[in-house]
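Colleague:
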Amino acid sequence: MSGAWRKDEHLFFSLSRSPGRADFKDISFVHNCLPDIDLADVSIETSMLGRTFRSPLFFNALTGGTRQSKIINAKLAAAARKMDLPMAVGSQMTALHNRGREESFRIVRCINPRGFVMANIGSYADPQMAERAVKMIRADALQIHLNTPQELAMAEGDRQFRGTMERIKQIVSVSSKPVIVKEVGFGIAREEAEMLIQSGVRAIDVGGRGGTNFLVIESMRAGKHLSAGIAGWGINTAISIVETNAVSRKGIDIMATGGLHNALDIAKAISLGASAIGIAAYPLHLMLKKGFNTLINWIADVEKELRIVMLMTGASSLVDLRTVPLVITGKTAEWMKRRDIDPDLFARRQKCR
Ligand SMILES: Cc1cc2nc3c(=O)[nH]c(=O)nc-3n(C[C@H](O)[C@H](O)[C@H](O)COP(=O)(O)O)c2cc1C
Numbered sequence: 142m143s144g145a146w147r148k149d150e151h152l153f154f155s156l157s158r159s160p161g162r163a164d165f166k167d168i169s170f171v172h173n174c175l176p177d178i179d180l181a182d183v184s185i186e187t188s189m190l191g192r193t194f195r196s197p198l199f200f201n202a203l204t205g206g207t208r209q210s211k212i213i214n215a216k217l218a219a220a221a222r223k224m225d226l227p228m229a230v231g232s233q234m235t236a237l238h239n240r241g242r243e244e245s246f247r248i249v250r251c252i253n254p255r256g257f258v259m260a261n262i263g264s265y266a267d268p269q270m271a272e273r274a275v276k277m278i279r280a281d282a283l284q285i286h287l288n289t290p291q292e293l294a295m296a297e298g299d300r301q302f303r304g305t306m307e308r309i310k311q312i313v314s315v316s317s318k319p320v321i322v323k324e325v326g327f328g329i330a331r332e333e334a335e336m337l338i339q340s341g342v343r344a345i346d347v348g349g350r351g352g353t354n355f356l357v358i359e360s361m362r363a364g365k366h367l368s369a370g371i372a373g374w375g376i377n378t379a380i381s382i383v384e385t386n387a388v389s390r391k392g393i394d395i396m397a398t399g400g401l402h403n404a405l406d407i408a409k410a411i412s413l414g415a416s417a418i419g420i421a422a423y424p425l426h427l428m429l430k431k432g433f434n435t436l437i438n439w440i441a442d443v444e445k446e447l448r449i450v451m452l453m454t455g456a457s458s459l460v461d462l463r464t465v466p467l468v469i470t471g472k473t474a475e476w477m478k479r480r481d482i483d484p485d486l487f488a489r490r491q492k493c494r
């Protein structure tokens with residue numbers, strides 16, 4: 142994801158489609174008719190990477206490197222500052238190859254000097270590049286993105302993927318900031334989550350299928366149709382959380398991204414194990430098509446609805462929300478059983494009742 146011109150094309154094609162919504166229909170909360178809490182008691186505060194945040198929402202990586210993306214990054218940073226949300230910049234690989242492009246990323250720090258900002262690099266970066274990306278925006282954390290299907294779909298994309306895990310380990314071992322590994326919409330399975338955890342990463346952003354689909358975006362860029370089967374490649378967001386959660390342990394944060402822009406889906410993602418929720422295409426659409434204030438109001442509405450959903454389950458905190466019963470049926474339950482993850486364990490949880 143390093144070419145600057147490509148970043149503008151990604152924006153263009155992403156904006157030409159309605160943002161996809163993650164599929165959480167197999168997952169249901171159990172209504173609690175006797176929640177012994179007041180709405181004012183419900184807190185959506187979360188902890189991630191050893192810090193406490195007002196809300197689980199964060200703006201995930203989108204752009205940088207061009208004049209248009211500088212304007213977008215400036216607006217997103219202003220929204221992040223106003224709503225006190227963390228924000229990741231788009232891939233900085235382009236600026237690591239061309240210093241003239243750094244300004245489109247640095248703008249985020251100028252606008253939001255005290256906010257929590259995440260740097261973003263590709264998986265072919267080395268530890269020196271990682272450190273330069275962090276310094277460029279005085280980042281608080283570093284994201285490394287994984288996007289193999291997207292690279293394969295690009296005529297100019299990478300074809301060599303050997304050594305990625307080794308490079309991640311090297312970056313983790315010398316990074317001055319906590320490292321997050323993220324997918325960009327194809328999900329993460331437990332086997333790879335386990336390898337990433339063993340490498341020392343502090344957080345995994347599962348970036349599951351259901352929201353932005355880079356196979357479709359790349360096929361639009363190339364002016365070619367992809368066969369339906371391939372266009373639907375990947376592990377959906379809900380299952381990716383479950384898979385990663387199955388191997389996660391203390392000290393590892395699960396971040397969930399991929400078509401999450403509805404308070405009920407967000408609550409379910411948290412209940413499945415996520416501590417932070419990344420939003421990317423949806424806020425971009427709102428901000429560019431309906432304006433800054435619409436984006437701000439939408440965030441406030443989602444947070445309000447999240448509190449309402451939490452109260453209806455009897456949860457007064459996100460920690461509680463991860464203990465309320467969750468009934469998992471259909472294809473998701475079937476998948477879990479085949480992968481030796483017991484869906485009934487979620488249904489039988491009852492700490493809050
Ligand atoms: C236009 C666009 C550009 C993106 N660029 C990057 C990027 O540079 N680096 C990255 O890690 N993820 C990138 N992403 C992926 C998002 O961070 C996110 O993982 C993905 O879009 C899924 O979230 P969504 O369904 O809310 O859009 C981009 C997404 C979009 C829509």
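If you number the sequence shown the way this note's numbering does, the last residue is 494 and the count never jumps.
The beta-carbon is built from N, C-alpha and C at its ideal position, and this holds for glycine as well.
Would you check whether ligand 1 has a heavy atom nearer than 7 Å to the C-beta of Gln284?
Modeller: yes
Colleague: Just to confirm, are Thr464 and Arg490 a CB contact at a threshold of 8 Å?
Modeller: Arg490 sits close to Thr464, with the two beta carbons spaced by under 8 Å.
Colleague: Could you compute how far the alpha carbon of Val320 sits from the alpha carbon of Val313?
Modeller: Across the structure, Val320 and Val313 are spaced so that their CA atoms are roughly 6 Å apart.
Colleague: Based on Cα-Cα distance, which residue from Met361, Cys251 and Ser412 lies nearest to Met451?
Modeller: Nearest C-alpha to Met451: Ser412.
Colleague: In terms of residue numbering, what span does the beta strand (DSSP E) encompassing Arg192 cover?
Modeller: Arg192 to Phe194
Colleague: So Phe200 packs on Ile420, CB below 8 Å; how close in whole Å?
Modeller: 6 Å
Colleague: Helix, strand or coil: how does DSSP classify Ala282 here?
Modeller: strand
Colleague: For Phe153, does the count of other Cβ atoms within 10 angstroms reach 16, so buried, or fall short, so exposed?
Modeller: exposed
Colleague: Are there three or more Cβ pairs, one per stretch, closer than 8 Å when the region 376 to 392 is compared with the region 324 to 333?
Modeller: yes
Colleague: Is Asn377 closer than 8 Å to Gly414 when the C-beta atoms are compared?
Modeller: no
Colleague: Excluding sequence positions up to five away, which residues of its chain have a Cβ less than 7 Å from the Cβ of Arg448?
Modeller: Once the five neighbours on either side are set aside, the close Cβ partners of Arg448 are Leu180, Val183 and Ile185.
Colleague: Taking DSSP as the reference, what is the three-state secondary structure of Phe199?
Modeller: strand
Colleague: State the DSSP-derived secondary structure class of Thr398, mapped to helix, strand or coil.
Modeller: In this structure, Thr398 counts as strand in the three-state DSSP scheme.
Colleague: Between which residues of its own chain and Ala363 is the CB-CB distance below 7 Å, once the five residues before and five after are set aside?
Modeller: Counting only residues of its own chain and dropping the five nearest sequence neighbours on each side, Ala363 has a CB closer than 7 Å to the CB of Ala296.
Colleague: Could you check whether the region 330 to 337 touches the region 262 to 276, counting it as contact only if at least three pairs of C-beta atoms, one from each stretch, sit closer than 8 Å?
Modeller: no
Colleague: If I measure Cβ to Cβ from Gln311 and keep anything under 6 Å in the same chain, skipping five residues before and after, which residues do I get?
Modeller: Pro268
Colleague: Is Thr139 helix, strand or coil when you go by DSSP?
Modeller: One cannot answer for residue 139 here, as it falls past the ends of the chain, which runs 142 to 494.
Colleague: Relative to the C-alpha of Arg479, which residue among Arg308, Arg331, His172 and Lys166 is closest?
Modeller: That would be Arg331, whose Cα lies nearest to the Cα of Arg479.
Colleague: Hey, is Pro466 close to ligand 1, as in C-beta under 7 Å from one of its heavy atoms?
Modeller: Using a cutoff of 7 Å, the CB of Pro466 does not count as near ligand 1, since none of the ligand's heavy atoms is closer than that.
Colleague: What's the call for Asn386, buried or exposed, on a 16-neighbour Cβ count within 10 Å?
Modeller: Asn386 is buried by the Cβ-count criterion.
Colleague: Give the list of continuous alpha helix (DSSP H) stretches no shorter than 4 residues that lie fully inside the region 425 to 476.
Modeller: 433 to 454 and 459 to 462
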